[in-house]
Amino acid sequence: MQTFHHIHSLREALAQERKAGKRIGFVPTMGNLHAAHIELVKIAQQNCDVVVTSIFVNPLQFGLNEDWDRYPRTLAADTAKLEAANCDYLFCPDEKEIYPNGMAEQTRVIVPSMTDVLCGASRPGHFEGVTTVVTKLFNIVQPEEAVFGLKDFQQLAVIRRMVEDLCIPIKITAGEIFREADGLAMSSRNGFITPEERPRVNVLNRSLNQVKTAIEQGRKDFSNLMTDAHQQIEASGFRVDYLSVCNSRTLELAVYDDREITILGAMYTKGARLIDNVSVNLVSDGWDKQIEADLSNGKFDSMTESAISEYKAGKTTKL
Numbered sequence: 008m009q010t011f012h013h014i015h016s017l018r019e020a021l022a023q024e025r026k027a028g029k030r031i032g033f034v035p036t037m038g039n040l041h042a043a044h045i046e047l048v049k050i051a052q053q054n055c056d057v058v059v060t061s062i063f064v065n066p067l068q069f070g071l072n073e074d075w076d077r078y079p080r081t082l083a084a085d086t087a088k089l090e091a092a093n094c095d096y097l098f099c100p101d102e103k104e105i106y107p108n109g110m111a112e113q114t115r116v117i118v119p120s121m122t123d124v125l126c127g128a129s130r131p132g133h134f135e136g137v138t139t140v141v142t143k144l145f146n147i148v149q150p151e152e153a154v155f156g157l158k159d160f161q162q163l164a165v166i167r168r169m170v171e172d173l174c175i176p177i178k179i180t181a182g183e184i185f186r187e188a189d190g191l192a193m194s195s196r197n198g199f200i201t202p203e204e205r206p207r208v209n210v211l212n213r214s215l216n217q218v219k220t221a222i223e224q225g226r227k228d229f230s231n232l233m234t235d236a237h238q239q240i241e242a243s244g245f246r247v248d249y250l251s252v253c254n255s256r257t258l259e260l261a262v263y264d265d266r267e268i269t270i271l272g273a274m275y276t277k278g279a280r281l282i283d284n285v286s287v288n289l290v291s292d293g294w295d296k297q298i299e300a301d302l303s304n305g306k307f308d309s310m311t312e313s314a315i316s317e318y319k320a321g322k323t324t325k326l
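Quick note: the sequence shown uses the numbering used here, first residue 8, plus one each step.
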């Protein structure tokens with residue numbers, strides 16, 4: 008594996024790969040690599056001839072009083088893991104290399120609407136930092152394909168929208184969430200969980216899966232389901248940041264007849280903020296029959312009455 012710290016030298020190496028007709032894959036990370044990161048590298052290797060992994064703890068995506076200073080820097084261990092995985096190139100620039108004019112003067116990339124909800128609501132400016140640095144890294148590496156993890160579901164959705172809106176010719180591929188034996192999603196921040204908290208933190212994943220099961224069984228009172236999940240997490244001693252049932256593509260609050268739904272949540276431990284998500288794909292015919300039955304039986308809350316009236320009148324297909 009070749010390691011580069013400067014943009015010009017990486018570009019020179021990749022230019023030779025392109026000249027040889029190689030397809031380039033890219034895995035952007037902030038380091039402190041674990042098994043889920045290595046799986047992203049393996050996905051890129053399956054689809055591409057050459058794989059570049061970047062390690063850059065991007066200060067632009069951290070807000071005031073967040074954990075940029077204490078975010079784990081484990082470059083030696085990360086390098087060894089990437090070498091063992093047969094990654095071809097490692098790009099690990101410093102802040103000056105990425106932001107030569109300083110962050111205050113950096114041109115920003117903003118994806119509207121999708122970035123001010125969920126994680127964006129509690130971390131203002133976070134996704135602006137993500138989309139800006141990812142755009143820069145895409146321009147530096149110029150891959151045919153980039154691989155991101157599904158654990159950061161909102162980030163993945165935002166990047167997909169950015170690539171679509173800006174006509175960036177890069178395929179975005181998602182890698183599945185890697186979990187510990189008890190369901191906790193693997194994360195570089197899991198090291199901040201205290202030993203006392205560790206047996207209880209799987210309550211986030213457990214609560215989201217209970218909501219998923221309820222929806223698959225026909226429950227559509229999403230707000231009530233979220234209230235139950237919220238209470239369960241708080242009863243385990245953690246503070247909820249958000250819990251939401253969303254349309255998987257738009258991240259808008261899910262409506263009655265959405266087919267692709269993702270349940271997202273974030274909570275605070277003493278030393279970390281943990282995120283997780285689970286997705287639900289509903290079978291169209293069965294869902295439509297359930298809608299028809301529930302319309303007949305009046306199984307709706309007051310918030311949906313006007314939408315139901317329009318639905319019955321054939322004025323809308325959304326509830």
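Glycine is no exception: its CB is placed at the ideal position from the N, C-alpha and C atoms.
ask   = Apart from the five residues just before and just after VAL247, which ones in its own chain have a Cβ nearer than 7 Å to its Cβ?
value = On the sequence shown, position 240 is the one that residue 247 refers to. Around VAL247: HIS237, ILE240, GLU241, MET274.
Evaluate THR324 with the Cβ neighbour count: other Cβ atoms within 10 Å of its Cβ, from every protein chain shown; 16 or more gives buried, anything less gives exposed. Along the sequence shown, one-based indexing puts residue 324 at 317. At THR324 the pLDDT is 46, less than 50, meaning the model places this residue with poor confidence; the figure from the coordinates comes in the next sentence. Per the 10 Å Cβ criterion, exposed.
Item to check | Nearest to GLY190 (by Cα), restricted to the options GLU203, ILE175, ASP228, VAL208 | outcome: Here the question's residue 190 lines up with position 183 in the sequence shown. Selected option, being the one with the closest Cα: VAL208.
* Identify whether LEU281 lies in helix, strand or coil by the three-state DSSP scheme. => Reading the sequence shown from its first residue, position 274 is the one you call residue 281. DSSP, read as helix, strand or coil, puts LEU281 in strand.
So, with DSSP's three-state summary, where would you put ALA188? For this step, residue 188 is matched to residue 181 along the sequence shown. Three-state result, ALA188: coil.
* To do: Within the same chain, show all residues whose beta-carbon is closer than 6 Å to that of TYR78, passing over the 5 residues directly before and after it, in chain order.
  => Your numbering for residue 78 matches position 71 in the sequence shown. So the qualifying residues of the chain are VAL64.
**OP:** Taking all protein chains shown into account, decide if ARG168 is buried (16 or more other Cβ within 10 angstroms of its Cβ) or exposed.
**Re:** The count along the sequence shown starts at 1 and reaches residue 168 at position 161. Classification of ARG168: buried, given that the 10 Å Cβ count is 16 or more.
Practice task
Give a yes or no on whether the minimum CB-CB distance between ASN108 and chain D is below 9 Å.
Solution key: No chain D appears in this structure, which consists of one protein chain only.
From ASP95, ASP101, ASN93, ASN72, residue whose alpha carbon lies closest to that of ARG80: Counting from 1 along the sequence shown, the entry for residue 80 is found at position 73. Among ASP95, ASP101, ASN93, ASN72, the Cα nearest to that of ARG80 belongs to ASP101.
So which of LYS277, LEU17, SER120 has the shortest CA-CA distance to ILE166? Working through the sequence shown from its first residue, we reach residue 166 at position 159. Here the closest residue by C-alpha is SER120.
So, are the CB atoms of ARG130 and GLY182 less than 9 Å apart? The residue given as residue 130 occupies position 123 in the sequence shown. The residue given as residue 182 occupies position 175 in the sequence shown. No.
Count the other CB atoms, across all protein chains shown, that sit within 10 Å of the CB of GLN23; report buried if there are 16 or more and exposed otherwise. Residue 23 sits at position 16 when you count from the first residue of the sequence shown. In summary, GLN23 is exposed, with fewer than 16 beta-carbon neighbours lying within 10 Å of its beta-carbon over all protein chains present.
- What are the start and end residues of the beta strand (DSSP E) that includes ASN327? Here the chain has residues from 8 to 326 only, and residue 327 is not among them.
*Exposure of ASP334, with buried meaning 16 or more beta-carbon neighbours within 10 Å*: Lying before the first or after the last residue shown, residue 334 is absent from the chain, which here runs from 8 to 326.
Would DSSP call GLY182 helix, strand or coil?
-> What you label residue 182 is simply residue 175 of the sequence shown in a count that begins at 1. Note: GLY182 maps to strand in three-state DSSP.
request  = Just list the alpha helix (DSSP H) runs in the region 112-188, keeping only unbroken ones of 4 residues or longer that don't cross its boundaries, in chain order.
outcome  = The region 112-188 contains these whole alpha helix (DSSP H) runs: 126-129, 133-148, 160-172.
| Continuous alpha helix (DSSP H) stretch holding PHE229: start and end | Sequence index remark: in the sequence shown, residue 229 carries index 222 (1-based). Element bounds for PHE229: 229-242.
Item to check | Where CYS253 falls, given that 16 or more other Cβ within 10 Å makes a residue buried | outcome: Counting from 1 along the sequence shown, the entry for residue 253 is found at position 246. Of the residues assessed, CYS253 falls on the buried side of the cut-off, its CB having 16 or more other CB atoms within 10 angstroms.
So is GLY127 buried or exposed if we call it buried at 16+ other beta carbons inside 10 Å?
As a first step, residue 127 is located in the sequence shown; it is residue number 120 there, counting from the start. Residue environment: GLY127 is assigned as buried (16 or more neighbouring CB atoms within 10 Å of its CB, all protein chains considered).
Within a Cβ cutoff of 6 Å, which residues of the same chain sit near ALA192, ignoring the five residues on either side of it in sequence? Numbered from its first residue, the sequence shown carries residue 192 at position 185. Counting only Cβ-Cβ distances below 6 Å, and skipping sequence neighbours, we find LYS158, ILE184, ARG186, ASP283.
Coil, strand or helix - GLN9 by DSSP:
Numbered from 1 along the sequence shown, position 2 holds the residue referred to as residue 9. Residue state, collapsed to three classes: strand.
As a quick exercise: from THR201, LEU89, ALA279, pick the residue whose alpha carbon is nearest that of THR10.
For this step, residue 10 is matched to residue 3 along the sequence shown. The residue with the shortest Cα to Cα distance from THR10 is LEU89.
Under a three-way DSSP split, which group does PRO100 fall into? Taking the first residue of the sequence shown as 1, we reach residue 100 at position 93. Reduced to three states, the DSSP call for PRO100 is coil.
- Message: Restricting to Cα atoms, I'd like to know which of ILE147, ARG205, GLU223 is closest to ASP265.
- Response: Here residue 265 corresponds to residue number 258 of the sequence shown, with the count starting at 1. Comparing Cα positions, the closest option is GLU223.
- Item | Pairwise C-alpha distance: CYS99 and ALA27 | As a working mapping, residue 27 is identified with position 20 in the sequence shown. As a working mapping, residue 99 is identified with position 92 in the sequence shown. A direct Cα-to-Cα measurement between ALA27 and CYS99 gives close to 24 Å.
Query raised in the report: Got a sec? Which residues, its chain only, sit under 7 Å from SER255 by beta carbon, not counting five neighbours each side?
Result: By one-based count along the sequence shown, residue 255 stands at place 248. Only GLU267, ILE268, THR269, SER286 meet the Cβ criterion.
Residue nearest to VAL140 in terms of C-alpha spacing, selected from PRO206, GLY156, SER61 | Your numbering for residue 140 matches position 133 in the sequence shown. The shortest C-alpha separation from VAL140 is found at SER61.
C-alpha gap between LEU47 and ALA153, whole angstroms: Walking along the sequence shown from the start, residue 47 turns up at place 40. Walking along the sequence shown from the start, residue 153 turns up at place 146. Between the alpha carbons of LEU47 and ALA153 lies a gap of roughly 9 Å.
- From which residue to which residue does the alpha helix (DSSP H) around LEU289 run? Against the sequence shown, residue 289 aligns to sequence position 282. Here LEU289 belongs to no alpha helix (DSSP H), and DSSP marks it neither H nor E.
Notebook entry, point to check: From which residue to which residue does the beta strand (DSSP E) around SER195 run?
Noted result: For the purposes of this step, residue 195 is identified with residue 188 of the sequence shown, where counting begins at 1. No beta strand (DSSP E) contains SER195, which DSSP labels as neither H nor E.
Worksheet entry | Assigned exposure category for CYS174 - 16 Cβ within 10 Å defines buried | What you label residue 174 is simply residue 167 of the sequence shown in a count that begins at 1. That one is exposed.
Classify GLN161 as buried or exposed, calling it buried when 16 or more other Cβ atoms lie within 10 Å of its own Cβ. Counted from its first residue, the sequence shown places residue 161 at position 154. Counting every other CB atom within 10 Å of its CB across the protein chains shown gives GLN161 a total of 16 or more, marking it as buried.
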